[in-house]
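Once you know that position 63 of the sequence shown is 72 in the working numbering, the rest is easy, because the numbers rise by one and skip nothing.
Input: a single structure, listed below in structure tokens.
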Amino acid sequence: MKKVHRIQIGQHRGHARVWLDGQWLKEVGFSTGTHYLRTWNPELRQLALHLPGNDELINEKPFVVSGHHNRPVIDLSNKLVELWFENAVPDQDGKHYVNVTSPCHGVLIIEEAV
């Protein structure tokens with residue numbers, strides 16, 4: 010069974026922010042210093058983060074997992090995060106959340122929590 014991490018959409022400098030951190034990132038392949046790519050699927054309203062394969066042609070600059078060696082951090086904070094999750098429905102507490110799952114090693118799927 011996949012573990013689902015429920016993360017609150019926060020704010021940083023006037024933009025939406027999704028802050029992922031912790032040992033669980035390392036367990037699914039996102040260690041500090043690791044390069045990863047982002048792909049937005051508008052039909053499924055999902056943001057996928059994945060580790061590029063050695064033979065994968067990379068047409069864009071990859072992002073890098075920051076943090077310390079034992080606590081990796083992925084900070085998604087910009088105008089695109091707002092656009093991606095602008096229709097998120099607030100929970101009963103009035104806050105917005107996303108669910109983060111890892112269907113396989115080296116892949117994270119971020120989608121609106123419903």
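Note that beta-carbon positions come from the ideal geometry of N, C-alpha and C, so glycine has one too.
This one's a predicted model, so the numbers in the text were calculated from it and none came from an experiment.
Check                                                                                  : Outcome
Residues bridged to P81 [DSSP beta-bridge criterion]                                   : G76
Closest Cα partner of Q32 within the set H105, N108, N87 and R80                       : R80
Top-ranked residue by Cα proximity to R47, from H77, D30, N68 and D64                  : N68
6 angstroms Cβ shell around L58 - same chain, five flanking residues per side excluded : Y45, R47 and L117
Rounded straight-line distance, which links the Cα of L53 to that of K88               : 19 angstroms
Burial state of V37, where buried means 16 or more other Cβ atoms lie within 10 Å      : buried
Span of the beta strand (DSSP E) around L46                                            : H44 to N50
Nearest neighbour of A97, chosen from K12, Q17 and K11 [CA to CA]                      : Q17
Given N50 as reference, the closest of V90, F39 and G115 once Cα atoms are compared    : V90
Enclosing beta strand (DSSP E) for L125 [first to last residue]                        : For residue 125 there is no data in the structure shown, the boundaries of the chain being 10 and 123.
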